[in-house]
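Colleague:
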Amino acid sequence: MTDQTHLFIHKDRAAAEPVRPTRAKPSFSLHRLPDAVSGWLLSLPLALVLFFFLVLPIVMIVVVSFWGATEFSIYPAFQFDNYEFLLTSPVTYQVFLNTIKYALITWAFTLVIGFTVAYFLAFHVKTLTWQIVLFLLCTIPFWTSNIIRMISWIPFLGRNGIANSTLISMGVIDAPLDWLLFSDFSVILAFVHLYTLFMVVPIFNTMMRIDKSLIEAAYDNGASGLQTLTNVIIPLTKPGIMIGSIFVVTLVMGDFITVRFMSGSQSANVGRLISNDIALLQYPSAAATAVILLITVLLVISILLRFVDIRKEL
Numbered sequence: 001m002t003d004q005t006h007l008f009i010h011k012d013r014a015a016a017e018p019v020r021p022t023r024a025k026p027s028f029s030l031h032r033l034p035d036a037v038s039g040w041l042l043s044l045p046l047a048l049v050l051f052f053f054l055v056l057p058i059v060m061i062v063v064v065s066f067w068g069a070t071e072f073s074i075y076p077a078f079q080f081d082n083y084e085f086l087l088t089s090p091v092t093y094q095v096f097l098n099t100i101k102y103a104l105i106t107w108a109f110t111l112v113i114g115f116t117v118a119y120f121l122a123f124h125v126k127t128l129t130w131q132i133v134l135f136l137l138c139t140i141p142f143w144t145s146n147i148i149r150m151i152s153w154i155p156f157l158g159r160n161g162i163a164n165s166t167l168i169s170m171g172v173i174d175a176p177l178d179w180l181l182f183s184d185f186s187v188i189l190a191f192v193h194l195y196t197l198f199m200v201v202p203i204f205n206t207m208m209r210i211d212k213s214l215i216e217a218a219y220d221n222g223a224s225g226l227q228t229l230t231n232v233i234i235p236l237t238k239p240g241i242m243i244g245s246i247f248v249v250t251l252v253m254g255d256f257i258t259v260r261f262m263s264g265s266q267s268a269n270v271g272r273l274i275s276n277d278i279a280l281l282q283y284p285s286a287a288a289t290a291v292i293l294l295i296t297v298l299l300v301i302s303i304l305l306r307f308v309d310i311r312k313e314l
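Per full-length UniProt numbering, the sequence shown runs over residues 1 to 314.
(1) Could you tell me which residues DSSP pairs with Ala69 in its beta bridges?
(2) In the structure shown, what three-state DSSP assignment does Ala286 receive?
(3) Looking at the secondary structure, which residues open and close the alpha helix (DSSP H) in which Lys212 lies?
(4) From Leu44 to Ile151, what distance separates their C-alpha atoms?
(5) Counting C-beta neighbours from all protein chains within 10 Å, is the total for Val64 16 or more, i.e. buried, or is it exposed?
(6) Straight-line CA distance for Pro90 to Val59?
(7) Around the Cβ of Gly264, are there at least 16 other Cβ atoms within 10 angstroms (buried) or fewer (exposed)?
(8) For the alpha helix (DSSP H) containing Phe109, list its first residue and its last residue.
(9) Which word fits Trp179, buried or exposed, when buried means at least 16 other C-beta atoms lie within 10 angstroms of its C-beta?
(10) My guess is that Val252 and Tyr93 are in contact by the Cβ rule of under 8 Å, so how many angstroms apart are they, rounded?
(11) For Val201, count neighbouring Cβ atoms within 10 angstroms of its own Cβ and tell me buried if that reaches 16, exposed if not.
(12) Where are the beta strand (DSSP E) runs, 3 residues long or more, that stay fully inside the region 247-288, in chain order?
(13) I need the DSSP call for Gln227, collapsed to helix, strand or coil.
(14) Return the residue from the list Ile243, Ala279 and Gln282 that minimises the CA-CA distance to Ile303.
(15) Out of curiosity, what's the CA-to-CA distance linking Tyr75 and Phe66?
(16) Would you report the Cα separation of residue 373 and His124, rounded to the nearest angstrom?
(17) Checking 9 Å against the spacing of the C-beta atoms, do Asn276 and Gly240 come in under that value?
(18) Flag this pair as yes or no: are the beta carbons of Gly254 and Val232 separated by less than 9 Å?
(19) Run through DSSP, which three-state label would residue 315 get?
(20) On the DSSP letters alone, give me the boundaries of the alpha helix (DSSP H) that Ile188 sits inside.
(21) What's the C-alpha gap between Ala190 and Ile140?
(22) Under 6 Å Cβ to Cβ from Ala69, same chain only, skipping five residues before and after it: list those, please.
(23) Using a 10 Å radius around the Cβ and a threshold of 16 neighbouring Cβ atoms, would you call Phe96 buried or exposed?
(24) List the endpoints of the continuous alpha helix (DSSP H) containing Val133.
(25) Can you tell me the Cβ-Cβ gap for Met199 and Val248, rounded? I've got them flagged as a contact below 8 Å.
(26) So for Pro239, helix, strand or coil by DSSP?
(27) Can you tell me whether DSSP reads Gly161 as helix, strand or coil?
(28) Start and end of the alpha helix (DSSP H) containing Arg149?
(29) Which of the three DSSP states, helix, strand or coil, is assigned to Val291?
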């Protein structure tokens, strides 16, 4: 056998043998790590964002609340003068009571209106298309800023506004009503207008998850409409009510622009008190007031969370 024949046989064997793929080097994968380690790595970006934009600013506010201040400057220190002044001043308690009053009244009105609107959308509007259309109609006011929607009430409620002019022309009143504007009534009206949707959305979302067969079973067992509402719908809607309540209460207690404009600077809340301290460059006093407000809001939220397990809704 010649050398040329050996060469042809070697080429045929090489062509018949399968090509072995080269193994790539194993790359790094989260699946190769323990579940605890991979979970921490996945949550690290969000944890960093929360730390720098939520935890760190709150820590700075707490630190500054212990600083001292003069008429023209502030200086680092560790003293309780700001808290002592706040907790011994009757003005502080009056302002906090006024804030809680606004929050409770606004919460009651938004709860009634929000529950009614959500109930109508969830159980009386039969088609999904109309539910979406009507729900979007509720969001139309949010296409403009809060300040524009709030200020729009001023020409309507003024002494020569549309409301007083209409009532006088109808013969209902003889003179303009002064309490329609720059009063607690106008403040609460603006709050209800601004924050009702924050109650509608979570309640509607919870109602849409209710199994309709439960309501039909209640009617089949002889329950009236009121009994079905109080024994089936309201208990199953508690998570949405709690979420909406947290939204409304926290937003009202931290608001200061609405109180300033709609009360005509005749009334105040904690947000307005903080705003005044900042305008006077009294940052330590403003920080101390903010810390007390934060503690108050957290206490209110903790009380609300005792009535329902919010994690089931989330």
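Backbone N, C-alpha and C fix where the C-beta goes; we use that ideal spot for every residue, glycine too. All of these numbers come straight from a predicted model, not from anything done at the bench.
Modeller: According to the data block:
(1) Ile74
(2) helix
(3) Lys212 to Asp220
(4) 43 Å
(5) buried
(6) 27 Å
(7) exposed
(8) Pro90 to Tyr119
(9) exposed
(10) Not really, about 18 Å apart at Cβ, beyond 8 Å.
(11) buried
(12) none
(13) helix
(14) Ile243
(15) 10 Å
(16) Here the chain covers residues 1 to 314 and nothing more, so residue 373 does not appear.
(17) no
(18) no
(19) Any answer about residue 315 is impossible in this case: the structure gives the chain only from 1 up to 314.
(20) Asp184 to Tyr195
(21) 16 Å
(22) Gln282 and Pro284
(23) buried
(24) Leu128 to Thr139
(25) 6 Å
(26) helix
(27) coil
(28) Asn146 to Ile151
(29) helix
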